[in-house]
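Heads up: the structure comes next, in C-alpha cells.
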Amino acid sequence: MNPPFQAVNVDCNFDYAYERERLSAAGITLVTQKSVSEEDIIAACTGADVVVVEGARTPITERVIQALPRCRLIVKYAVGVDNIDVAAATRAGIVVANAADYCTEEVSDHAVALLLASARRVVSMDRFVHAGNWAGYTRLHPLRRVSQLTLGLVGLGRIARATARKMAGFRMRMLAADPYLTGASNEPGVDLVSLETVLRESDLVSVHVPLTPETRGLINEAAFRSMKPTSVIVNTSRGPVIDQPALERALEEKWIAGAALDVVAEEPLPATSALRRFDQVILTPHAGADSIDSMSHVRRTVVTSIEAVARGHWPPFPVNPKATPRFPLRPWSEAASG
Ligand code: NAD
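The opening position of the sequence shown corresponds to residue 0 in numbering that gives the first Met the number 0, with each subsequent residue numbered one higher.
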C-alpha cells in the first residue's frame, strides 16, 4: 500500500488550522517543522511528496533537492523563489510553484506609497515637524510637480504593471526596462526602453525584478552614477538587486537624492547599517506584501497547489513550467483542487 500523500512545511511560522482542514479533507497529511539548515530539511523531507517553504532564506539548495526521493512539488508561500535552486529542481523533475498573484495589489500599493512619499518628501517633513519645527521645510529638498516627473520601472511584470496602472492618474511620463518583453510594452502608457534610458531619464526609479544571478547587483555603481542627482530609487523587489555599498556611496556623495527601500541586502537590517543614518532614506521592514487579504490569498494558493499535484495536475503558478515532472501531471484546471 502506498504511504499517505505527505506535505512537509519545513519552516513553519504560524498556525495551520486552515491548511490542515483543507488538506486532510483531500487525504493529504501536513507535517510542520522548523528546519533551518540543509541537514534539518533533508531529515524532515525524506517522506515528503511536497516540500512547503515559507522563509526567504530557507536553503532549498541542489544538495537538498537531490536528497528528496519522493518530492514532486516544492511550493512557496511567496512570489520570489530565489532561495530555491529552481534549475536543480527542474533537472530532478520536481515542479516549483509560487503564489504569483497573492500580493500584486499590496506590493504595488506599497511601491506607490514609497514613490509618492519620496516625491512629496512626506517622511522627512514628518520627522521635521515631530522634531518641533514648522517653517523652513523647503530647505529639506526642493519639490517638483509630480506630473512633471518621469517614472522608470525596472522590470515590467505583474507588480510593475499594477504600479504603473495606479500611477497613471498622476499623468507622469512612464518608462520601463524589461529585456524579456519583446516588441511593444505590455502596459498602456508605459514606453519600453533600455535600462540605461530608464536610469538616465527617470526622476523616480522603481525596481520590480526577481532576484536571479543576472539581477544580483543590477543597480550598481555605474547605474547610480548614470542617474539624475535629483532622482530617487525605490526598491520593493529583493535587496540584493541593489549593490548596497554602491547605494550608500551614491547617497553619501549625492549622486542621487534619496532611496525608499522595503527590502535590503541583509534582513533584518543590521542596527549599525549606514542606511539608518540618511534622512533621505525611507525604510520599511519587508512589509510590502502584507495585508490580512494577501495572507489568506497566499494560504489558499499554496493549499490549492498541493491538492492539484496530489490529484495529478500541474499547480496554478509553476515557476518551471518546462520541467518534465518525475510523475506525469495533467494541465492545471480549477477542478484539480477541492
Ligand atoms: P513577475 O515575474 O510578474 O515580473 C518580474 C519581471 O521582471 C518580468 O517581467 C521579467 O521579465 C522581468 N525581469 C527579469 N529579469 C530582468 C532584468 N534583468 N531586467 C529587467 N527586467 C527583468 O514578478 P512580480 O510579481 O512583478 O514580482 C517581482 C518581484 O517582486 C518578485 O520576484 C519578488 O522578488 C518581489 N516581491 C517582493 C515582495 C515584498 O514583500 N516586497 C512581495 C512580492 C514580490
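Every residue, glycine too, gets a C-beta built ideally from N, C-alpha and C.
Just so we're clear, the structure is a prediction, and the values are computed from it rather than from any experiment.
Problem - Span of the beta strand (DSSP E) around Ala-259 - result: 257 to 260
Practice task
Identify, in the order they occur along the chain, each residue of the same chain with its Cβ nearer than 6 angstroms to the Cβ of Pro-317, setting aside the five sequence neighbours on each side.
Solution key: Val-94, Ala-96
Exercise for the section: Write down every uninterrupted run of the alpha helix (DSSP H) in the segment 146 to 171 whose length is 4 residues or greater and which is fully enclosed by it, in chain order. Expected result: 157 to 166
Handout entry: Contact test: His-207 Cβ vs ligand 1 heavy atom, cutoff 7 angstroms
Key = yes
Handout entry: Secondary structure of Met-124, DSSP reduced to three states
Key = helix
Practice task
Rank Asn-1, Leu-148, Arg-62, Glu-247 by C-alpha distance to the C-alpha of Phe-169 and give the top, closest one.
Solution key: Leu-148
Problem - Nearest to Ala-159 (by Cα), restricted to the options Glu-18, Leu-246, Ser-205 - result: Ser-205
Exercise for the section: Pull up the distance between the alpha-carbon of Tyr-15 and that of Ser-332, whole angstroms please. Expected result: 25 angstroms
Problem - Residue from Asp-261, Asn-234, Glu-251 with nearest C-alpha to Pro-228 - result: Glu-251
Handout entry: Selected residue, minimal CA-CA separation from Val-262, among Arg-21, Pro-320, Gly-216, Val-240
Key = Val-240
Exercise for the section: Please find out if some non-hydrogen atom of ligand 1 comes closer than 7 angstroms to the beta-carbon of Tyr-179. Expected result: yes
Practice task
Name the one or two DSSP bridge partners that Arg-144 has.
Solution key: For Arg-144, which the question treats as bridged, DSSP gives no partner whatsoever.
Practice task
Return yes when the C-beta of His-140 is under 7 angstroms from any heavy atom of ligand 1, and no when it is not.
Solution key: no
Problem - Extent of the continuous beta strand (DSSP E) run through Ser-5 - result: One point to set straight first is that residue 5 is Gln, not Ser, in the sequence displayed. Gln-5 -> beta strand (DSSP E) spans 4 to 8.
Handout entry: For Val-95, the first and last residue of its enclosing beta strand (DSSP E)
Key = 94 to 96
Handout entry: Three-way DSSP call (helix, strand, coil) for Thr-303 in this model
Key = helix
Exercise for the section: Could you name the residues that DSSP lists as bridge partners for Asp-190? Expected result: Leu-174
Problem - Proximity below 8 angstroms, CB of Ser-230 to CB of Ala-161 - result: no
Practice task
Please classify Val-74: does DSSP put it in a helix, a strand, or coil?
Solution key: strand
Handout entry: alpha helix (DSSP H) segment containing Thr-103, residue limits
Key = 103 to 118
Problem - Supposed contact pair Asp-10 and Lys-33 - C-beta distance, whole angstroms, cut 8 angstroms - result: 6 angstroms
Exercise for the section: Please classify His-296: does DSSP put it in a helix, a strand, or coil? Expected result: helix
Handout entry: Arg-146 burial status per 10 Å Cβ neighbour count (16 or more: buried)
Key = At residue 146 the sequence reads Ser, which differs from the Arg that was named. Ser-146 comes out exposed.
Handout entry: Pick from Pro-327, Asp-84, Leu-260 that is closest to Val-52, judged by C-alpha positions
Key = Asp-84
Problem - Check: Arg-262 C-beta below 7 angstroms from any heavy atom of ligand 1 - result: Arg is not the amino acid found at residue 262; the sequence shown has Val there. It does: the Cβ of Val-262 is within 7 angstroms (strictly closer) of some heavy atom of ligand 1.
Practice task
Can you give me the Cβ contacts of Ala-183 inside the same chain, cut-off strictly under 7 angstroms, excluding the 5 residues immediately before and after it?
Solution key: Leu-191
Exercise for the section: Report yes if the C-beta of Gly-287 is less than 7 angstroms from at least one heavy atom of ligand 1; otherwise report no. Expected result: yes
Practice task
Could you please give me the residues that DSSP links to Leu-282 through a beta bridge?
Solution key: Leu-260
Problem - alpha helix (DSSP H) segment containing Ile-64, residue limits - result: 61 to 65
Exercise for the section: Could you name the residues of the same chain whose beta carbon sits closer than 6 angstroms to that of Ser-304, not counting the 5 residues immediately before and after it, in chain order? Expected result: Val-74, Ala-96, Pro-314
Practice task
With DSSP as the reference, label Ser-205 as helix, strand or coil.
Solution key: strand
Problem - Per-residue DSSP class, three states only, for Ser-315 - result: Note that residue 315 is Pro in the sequence shown, not Ser. In this structure, Pro-315 counts as coil in the three-state DSSP scheme.
Problem - Stretch pair the segment 193 to 200 + the segment 173 to 180: three plus CB contacts closer than 8 angstroms - result: yes
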